[in-house]
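Q:
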Amino acid sequence: DVWGDGDLPPGWREISDSSEVYFWHVPTGTTQYHRPVAPGNQHASPNAEPGAGDGLCEKREDCAQPSTEVRGAISSASVSSLKTRVAMIRMISPSKKSFPVRSLGWMEMAEQDLCEGRSSVAVHHCIRQLSYCRRDIRDSAGVWGEGKGMLLVLQDRMLNLIDPDDHSLLHSQPISSIRVWGVGRDHDRDSDFAYVARDKNTRVLKCHVFRCDTPAAAIATSLHEICSKIMAERKSAKAAACSSTQASSDVPLQAEFPMPKTELVQKFHVLYLGMTTVSRPIGMDIINGAIENLLSSTGKEDWTPVMLSIADTTLAVIKEKAGEEEEEVVIECRVRFLSFMGVGRDAHTFAFIMDTGNQHFQCHVFWCDPNAGSVSEAVQTACVLRYQKCLVA
1 DVWGDGDLPP GWREISDSSE VYFWHVPTGT TQYHRPVAPG NQHASPNAEP
51 GAGDGLCEKR EDCAQPSTEV RGAISSASVS SLKTRVAMIR MISPSKKSFP
101 VRSLGWMEMA EQDLCEGRSS VAVHHCIRQL SYCRRDIRDS AGVWGEGKGM
151 LLVLQDRMLN LIDPDDHSLL HSQPISSIRV WGVGRDHDRD SDFAYVARDK
201 NTRVLKCHVF RCDTPAAAIA TSLHEICSKI MAERKSAKAA ACSSTQASSD
251 VPLQAEFPMP KTELVQKFHV LYLGMTTVSR PIGMDIINGA IENLLSSTGK
301 EDWTPVMLSI ADTTLAVIKE KAGEEEEEVV IECRVRFLSF MGVGRDAHTF
351 AFIMDTGNQH FQCHVFWCDP NAGSVSEAVQ TACVLRYQKC LVA
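Those letters in the sequence shown? Residues 1 to 393, by UniProt numbering.
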């Protein structure tokens with residue numbers, strides 16, 4: 001009986017998910033944590049009325065106040081209702097993974113933003129822009145469901161957005177077509193999730209951002225599991241096809257050689273002031289001290305024109321030679337051994353500290369034109385990518 005459940009009053013049902021138990025008043029859609037009692041019961045608690053459910057999320061404030069708006073977007077009743085629907089979907093179809101979300105809109109992205117080393121920075125930028133609800137951005141961003149609560153459902157290799165009220169399909173995205181996804185990195189952005197895919201009509205790359213009622217890492221983990229399963233199935237199918245082809249071939253041995261992986265390399269023409277030994281591997285005071293030491297002890301005529309080559313694994317300082325002479329690598333520093341970097345008090349100066357082992361640290365200093373901003377950003381991107389690879393490994 002959909003209107004009753006065991007010893008509960010008429011119209012109430014008990015809903016359980018993996019972590020909590022809710023009580024759902026079917027006619028009104030209200031939910032609460034306390035077990036409801038019949039109106040005639042003398043021991044009924046005044047807090048057990050249908051409309052007295054515990055608030056699960058702050059009420060949304062005016063969009064012009066970022067300090068409060070980023071904390072909540074859905075009223076307590078709608079969040080509770082969404083949680084109940086998620087619990088019911090999980091009981092009906094355990095293979096589905098459903099998450100209560102709200103669309104914050106999308107921002108257009110360029111293809112170069114998704115190259116290795118830049119994608120995570122670009123996605124994080126979109127999350128920050130749309131999370132703070134700036135009106136000039138929100139007015140041009142497509143918001144599914146008019147900004148109301150919806151369900152993000154992962155099932156059968158598809159990411160679907162479902163209206164929780166009439167169960168209509170708002171959007172459907174094949175998971176295999178998603179280029180990249182990410183979660184907010186700021187301490188108050190861990191409930192924001194984003195993915196990048198190409199629009200099937202305009203073929204424009206769009207970064208779609210959502211505010212989640214639960215930590216967004218759960219969606220990212222589920223997507224990772226689905227993609228791992230897809231890749232495993234493709235690998236098995238490919239192995240089976242290769243085995244079949246090899247069995248029917250006259251060639252005794254077939255080998256598939258891996259394609260070389262292109263590494264993103266950025267190069268900058270800079271002046272190398274030199275190297276000085278420092279006492280600690282980190283700290284802007286160390287960086288500024290090394291820069292000022294070399295600026296005061298050398299003249300501009302002593303600085304060496306070099307090419308600073310920055311890849312996601314290695315930083316190299318290359319002295320260019322005239323004519324047909326080979327280039328000379330003056331310094332080569334693996335990104336994993338780069339312990340600190342920064343821009344000096346003069347915006348033209350940049351330095352990084354390299355750990356050479358046995359508690360010895362070297363600080364290399366450069367002069368950049370028109371400023372050191374681009375060089376600093378490139379080194380930071382390489383460090384972020386190296387950190388991501390360590391996490392995946």
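Glycine included, C-beta positions come from ideal geometry on N, C-alpha and C.
(1) With distances taken from CA atoms, which of L264, L104, G105, A378 is nearest M341?
(2) Let me make sure I understand the geometry here. Which of S176, L154, V123, R118 has the alpha-carbon closest to that of K97?
(3) Quick check for students: name the residue ranges of the alpha helix (DSSP H) that lie wholly in the UniProt domain "PID" (267–391), counting only runs of 4 or more.
(4) Between the Cα of P370 and those of A110, H348, C212, spot the shortest distance and give me the residue it belongs to.
(5) Please state whether DSSP places M109 in a helix, a strand or coil.
(6) Counting Cβ pairs closer than 8 Å, one from the stretch 268–285 and one from the stretch 360–370, do we hit at least three?
(7) Between which two residues does the beta strand (DSSP E) carrying A194 extend?
(8) Where does K238 fall in DSSP's three states?
(9) Would a check of beta-carbon distances place L104 closer than 7 Å to chain C?
(10) When you compare only the Cα positions, how much space is there between E14 and V37?
(11) Buried or exposed: where does C390 fall if 16 or more other Cβ atoms within 10 Å of its Cβ makes it buried?
(12) Since M158 and S172 are thought to touch, with beta carbons under 8 Å apart, how far apart are those beta carbons, to the nearest angstrom?
(13) Whole angstroms is fine: what's the gap from S374's alpha carbon to D156's?
(14) From I291 to S191, what does the alpha carbon distance come to, in whole angstroms?
(15) Q266 and I310: beta carbons closer than 7 Å?
(16) Return the chain-ordered list of same chain residues with a C-beta closer than 8 Å to the C-beta of A220, the five sequence neighbours on each side being excluded.
(17) Quick check on this structure: which residue in K200, M307, G274, L308 has the alpha carbon closest to the alpha carbon of S297?
(18) Going by beta-carbon coordinates alone, are F350 and A372 separated by less than 7 Å?
(19) Could you pull the start and end residues of the alpha helix (DSSP H) that L152 belongs to?
(20) Ordered along the chain, which non-local residues of its own chain (more than five positions away) have a Cβ less than 8 Å from that of Q388?
A: In brief:
(1) The option with the nearest alpha carbon to M341 is A378.
(2) Looking only at S176, L154, V123, R118, the smallest Cα-Cα distance to K97 is reached by L154.
(3) Listed in chain order, the complete alpha helix (DSSP H) runs (minimum 4 residues) inside the UniProt domain "PID" (267–391) are 284–297.
(4) Ranking A110, H348, C212 by Cα distance to P370 puts H348 first.
(5) When secondary structure is reduced to three states using DSSP, M109 falls in the coil class, being assigned neither helix nor strand.
(6) They touch, by the three-pair rule.
(7) A194 -> beta strand (DSSP E) spans 192–198.
(8) The three-state reading of DSSP puts K238 in helix, counting H, G and I together.
(9) In the structure shown, chain C cannot be found, because there is only a single protein chain.
(10) Taking the straight line joining both Cα atoms gives about 13 Å.
(11) C390 is exposed by the Cβ-count criterion.
(12) About 6 Å separates the CB atoms of M158 and S172; that is less than 8 Å, so the two are in contact.
(13) Rounded to whole angstroms, S374 to D156 spans 43 Å at the Cα level.
(14) The alpha-carbon of I291 is positioned some 41 Å away from that of S191.
(15) Cβ distance < 7 Å, so Q266 and I310 count as in contact.
(16) Scanning its chain for C-beta atoms nearer than 8 Å, with the 5 sequence neighbours on each side dropped, one finds around A220 the residues W181, G182, V183, F193, in chain order.
(17) For S297, the nearest C-alpha among the options comes from G274.
(18) Going by C-beta atoms, F350 is nearer than 7 Å to A372.
(19) No alpha helix (DSSP H) contains L152, which is instead part of the beta strand (DSSP E) from 149–155.
(20) Here the set comprises S120.
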